[in-house]
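Novice: Chains as they are written, first to last, in UniProt numbering: chain G, 1 to 187; chain U, 1 to 187.
Beta carbons are placed, not taken as given, at the ideal position from N, Cα and C, and that holds for glycine.
Note that the structure is predicted; figures quoted are calculated from it, not measured.
Protein chains: 2
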Amino acid sequence: MRARLLEATVDVLVERGFAGTSTTLVSERAGVSRGAQLHHFPTKNDLVVAAVEHLTERRGAELAQAVAALPAGGKRTRAVVTMLGDHFASPVFAAALELWVAARTDETLLAAVAPLEQRVGREAHRMTAAALGADESWPGVRELVQATLDLVRGLGLASTISDDSARRRRILHQWADVLDREMTRSR
Amino acid sequence: MRARLLEATVDVLVERGFAGTSTTLVSERAGVSRGAQLHHFPTKNDLVVAAVEHLTERRGAELAQAVAALPAGGKRTRAVVTMLGDHFASPVFAAALELWVAARTDETLLAAVAPLEQRVGREAHRMTAAALGADESWPGVRELVQATLDLVRGLGLASTISDDSARRRRILHQWADVLDREMTRSR
């Protein structure tokens, strides 16, 4: 029942935005009684933070598995950054975006979102560095891994108001080629 | 009076977010009568779209001037991307972000925001390519200019919930060095 509530919350966030999300709408969508919902998540903030955390971790784990299963070789970097780009253009990113933007002007929400964001950010960095086979002891490599994540975040934001998957693909292919050159430079 | 209303709208968007912005709050903040405000901007959507457009264009023009005035030479690329990064971490970006995210789930607002976003995006691209002295007839260079803008957008989004200006600077310096290498590669 908890998982059903969390999935329904993300669906409602994606469809209606943070302001349009209410605990009533979520219980209806999940087919869960108001009483049961309030028992698990007393407030809207509890519900949306738990939902974004749950889905981010589940989809992040799926992404990490998919990336780990990619074959080694010349096209690996392209495949990794393309998968990352698709992940940040998915509905889970839209739900997280709703939460981040609402937290910007809501101190109570920010207190819950900031540590979640830090944890998720560290995990995404660790996963990306491993997937790219990036040796972060080399000068500048750590910053390139960070830049890769900030780039897909920016592309994800752009994708929320225009469908630009062809543009995204061209940019990410080019960036993958640059990453390959940079990560092997002067070794 | 129009400019005062638009500046006040951006201030209220930054402080309270899209959901917390009302035409009443804006008229109070601007010291403009409700009647005069309604005469200029009949609806909240008219007001917020005009405000983000006005401020984006004004600050964009200021940025273009500042960038054009930078000296040529070895550190120019770093200076350009640092200025871009600061621009996308400013309150005007936060106001635009509020508008974009609200437009994602509001068709009427999206119809006004999508063409504005396209126009601003094209202008930002043109300005950035010129500032970097990027020759976009070379394969891959156009995509790197686009990636630079998506990167600063992603960094701007991150900066709305955590103050990470030192991290941003390190990433942008590294990015600038990569741009310099890539833009002169195999010429």
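Contact defined as beta carbons within less than 8 Å: I believe Met183/G pairs with Val141/G. What is the distance between those atoms, to the nearest angstrom?
Specialist: The pair is a contact, with the Cβ atoms about 6 Å apart (cut-off 8 Å).
Novice: If distances are taken between C-alpha atoms only, which option among Asp86/U, Gln37/U, Leu55/U comes closest to Val10/U?
Specialist: Among Asp86/U, Gln37/U, Leu55/U, the Cα nearest to that of Val10/U belongs to Leu55/U.
Novice: At the 8 Å Cβ level, is Gln174/U part of the contact set with chain G, yes or no?
Specialist: For Gln174/U, the answer is yes, since a Cβ of chain G falls inside 8 Å of its Cβ.
Novice: Taking the beta carbon of Thr23/U as the centre, do at least 16 other beta carbons fall within 10 Å, making it buried, or is it exposed?
Specialist: Answer is buried; the Cβ neighbour count reaches 16.
Novice: Would you mind stating whether Ile171/G and Gln174/U have Cβ atoms separated by less than 8 Å?
Specialist: Result no, Cβ atoms of Ile171/G and Gln174/U do not sit closer than 8 Å.
Novice: Check whether chain U comes within 8 Å of Leu25/G, counting only Cβ atoms and requiring the distance to be less than that.
Specialist: No, Leu25/G lies away from the interface with chain U (no Cβ there is under 8 Å from its Cβ).
Novice: Can you say whether Gly17/U is buried or exposed, counting buried as having 16 or more other CB atoms within 10 angstroms of its CB?
Specialist: Buried: at least 16 other Cβ atoms inside 10 Å.
Novice: Can you list, in chain order, the residues of its chain with a C-beta nearer than 6 Å to that of Thr21/G? Leave out the 5 residues immediately preceding and following it.
Specialist: Excluding sequence neighbours, Thr21/G sits near Val12, Leu13.
Novice: Leaving aside the five residues before and after Arg29/G along the sequence, list all residues of the same chain whose C-beta is less than 7 Å from its C-beta, in chain order.
Specialist: These residues qualify, in order along the chain: Ala8, Asp11, Val12.
Novice: Classify Asp150/G as buried or exposed, calling it buried when 16 or more other Cβ atoms lie within 10 Å of its own Cβ.
Specialist: Under this definition Asp150/G is a buried residue.
Novice: Output yes if chain B places a C-beta closer than 8 Å to the C-beta of Asp11/G; else output no.
Specialist: Here chain B cannot be found, since the structure's protein chains are G and U.
Novice: Return the CA-CA distance between Pro91/G and Gly60/G, expressed in angstroms with no decimal places.
Specialist: Whole-angstrom Cα-Cα distance: 13 Å.
Novice: Give the single residue among Leu70/U, Ala103/U, Arg168/U whose Cα lies nearest to the Cα of Val52/U.
Specialist: It is Ala103/U.
Novice: Using alpha carbons as the reference points, say which of Leu144/U, Ala114/U, Ala64/U, Glu143/U lies closest to Ala124/U.
Specialist: Of the candidates Leu144/U, Ala114/U, Ala64/U, Glu143/U, the one whose C-alpha sits nearest the C-alpha of Ala124/U is Ala64/U.
Novice: Give the C-beta separation of Ala131/U and Val67/U to the nearest angstrom, bearing in mind that I take them to be a contact with Cβ-Cβ under 8 Å.
Specialist: Correct: roughly 4 Å between the Cβ atoms.
Novice: Do you know how far the Cα of Ser137/G is from the Cα of Ser159/U?
Specialist: Distance between the alpha carbons of Ser159/U and Ser137/G is about 26 Å.
Novice: Within the 8 Å Cβ cut-off, does Glu107/U reach chain G?
Specialist: No, because no Cβ of chain G sits closer than 8 Å to the Cβ of Glu107/U.
Novice: Hey, could you find the ends of the alpha helix (DSSP H) Gly140/U is sitting in?
Specialist: Where Gly140/U is concerned, there is no enclosing alpha helix (DSSP H), given that its DSSP letter is neither H nor E.
Novice: According to DSSP, is Val26/G part of a helix, a strand, or is it coil?
Specialist: Helix, per DSSP.
Novice: If the cut is a Cβ gap below 8 Å, which residues of chain U does Trp100/G touch?
Specialist: What Trp100/G touches in chain U: Leu157, Thr160, Ile161.
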